[in-house]
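Counting from -5, one number per residue, gives the positions in the sequence shown under the numbering used here. Idealized CB from N, CA, C, for every residue including glycine.
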Amino acid sequence: MRAVFISTHDDPAAWKAAMASVLPELELDIWPAVSEPEAIEVALVWKPPPGVLAQFTQLRLICGLGQGVDFLFDDPALPKNVPITRLVDPDLIAQMSEYVCAATLWHHRRFEDYRAFQRAAEWWPLAPPKTSGCRVGILGLGSIGQDIAQKLAYLGFPVQGWSRSPKNLSGIDCFAGDEQLADFLAGCNVVVCVLPLTATTRGILNRQNLACLPPGALVINVARGGHVVEDDLLAALDVDILRARYWMFSGRNRCHRHTLSGTILVVMTPHIAGLTRPETAARQIADNIRRLLQGQPLCNQVEQQRQY
């Protein structure tokens, strides 16, 4: 079987080596150096340019190289009726949880205030906050959201979660559906967004929903920039609805320049909350290629109507 690797964000040599170690019979071309497009049956992709996948007329499987696959549905020429799979990689999930726990604890233990004290050469101890009094809400209770919830609960934070459809998770207060979103947000001292980006979740962090949060709430977005209505976020910061830091990894966002009363209100990182490692992810992709060849159900197949 012949496959093509399409990504400008990943190391093609690392992926070629990883795939060769788990599926040596696979011939893997690195786009754009594809001599026989009509021979390509599988595409390993991360944000391929629009129209590229349509060049492969015998395509049988599209393997996303991350948990989210929203970028594929931005392509009007996306081949129809070709199954799409996404990664559900324990290593990637662990990275995302580490990022969220670090951001939550940095805020909760007021390290930003201590950094300001250090710059001013002042050394004032602040009253230690009660972990039991800081409720963390997780927007999205898939594999990543559940892992984050469990780890924060282990640290002693009360945790609640919201999802589109009802969930029942031990030790987690679960909310579901649009009718319960406002009540969910009203109880969050910290809210973490790990939702997939779809037509129903785009812009979910908007003026109306941000206004439901209690004063001083922290928003941690480790999903997509498209979940945030930037002007609404800035307005919420300006009127002091949100008084804590806002974490986001979308480097395109202009919020990183926003300050209020000399306090940095927005902290941003590159898209590093979770990075796919070829050596841990290749085995899952190889397994799905074998399943395709054997006519077995694919793992983590995307429901194209839901785009997730």
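Counterpart residues of residue i in DSSP-defined beta bridges
i      : result
Gln154 : Gly131 and Asp167
Glu21  : Arg(-4)
Trp100 : Bridge partners of Trp100: none, in fact.
Ser137 : Answer is none; Ser137 lacks a bridge partner.
Leu199 : Val222
Thr79  : Cys57 and Gln295
Continuous alpha helix (DSSP H) stretch holding residue i: start and end
i      : result
Met13  : Pro6 to Val16
Gly58  : Looking at the DSSP string, Gly58 is not in any alpha helix (DSSP H); the run it does join, the beta strand (DSSP E), is Leu55 to Gly58.
Ala229 : Glu224 to Asp232
Leu38  : Premise fails: Leu38 lies in the beta strand (DSSP E), Val36 to Trp40, not in any alpha helix (DSSP H).
Ala112 : Per the sequence shown, the amino acid found at residue 112 is Gln instead of Ala. Element bounds for Gln112: Phe105 to Arg113.
Phe67  : Neither: Phe67 is in no alpha helix (DSSP H) and is coded neither H nor E.
Leu179 : Leu175 to Ala180
Supposed close pair residue i, residue j - CB separation, criterion 8 Å
i      : j      : result
Leu228 : Leu204 : So it is not a contact: roughly 10 Å between Cβ atoms.
Val39  : Ile0   : 5 Å
Pro272 : Ala12  : 4 Å
Ser157 : Leu135 : 4 Å
Ile78  : Gln298 : 7 Å
Gly62  : Arg218 : 7 Å
Pro44  : Pro70  : 7 Å
Gly60  : Thr194 : With 8 Å as the limit, Gly60 and Thr194 do not qualify as a contact, their Cβ atoms being about 20 Å apart.
Simplified DSSP state of residue i, which is helix, strand or coil
i      : result
Ala121 : coil
Leu292 : coil
Ser1   : strand
Ala27  : strand
Ile87  : helix
Gln301 : coil
Val94  : helix
Lys145 : helix
Glu32  : helix
Ile266 : coil
Thr274 : helix
Asn282 : helix
Gln308 : The chain is shown from -5 up to 302; residue 308 falls before or after that span and cannot be answered.
Ser255 : Since pLDDT at Ser255 reaches only 33, below the 50 mark, its modelled position is unreliable, and no value is offered.
Leu287 : helix
Ser126 : helix
Leu207 : coil
His250 : Its pLDDT being 45, under 50, His250 is placed unreliably by the model, and the measurement read from it follows with that caveat. Residue state, collapsed to three classes: helix.
Glu116 : coil
Contact check, residue i vs residue j, beta carbons under 8 Å
i      : j      : result
Gln144 : Phe178 : no
Asp141 : Leu120 : no
Gln89  : Gly268 : yes
Ile283 : Leu72  : no
Val130 : Val213 : no
Leu81  : Ala211 : no
Thr125 : Phe105 : no
Ile24  : Pro6   : yes
Leu286 : Arg54  : yes
Asp64  : Leu191 : yes
Val188 : Gly220 : no
Ala37  : Gln52  : no
Asp83  : Gln278 : yes
Cys182 : Leu149 : no
Thr94  : Val222 : It is Val, not Thr, that sits at residue 94 in the sequence shown. Contact flag unset, no.
Ala180 : Gly165 : no
Residue i: CB within 7 Å of a non-hydrogen atom of the ligand FAD
i      : result
Gly171 : This structure simply doesn't include the ligand FAD, nor any ligand for that matter.
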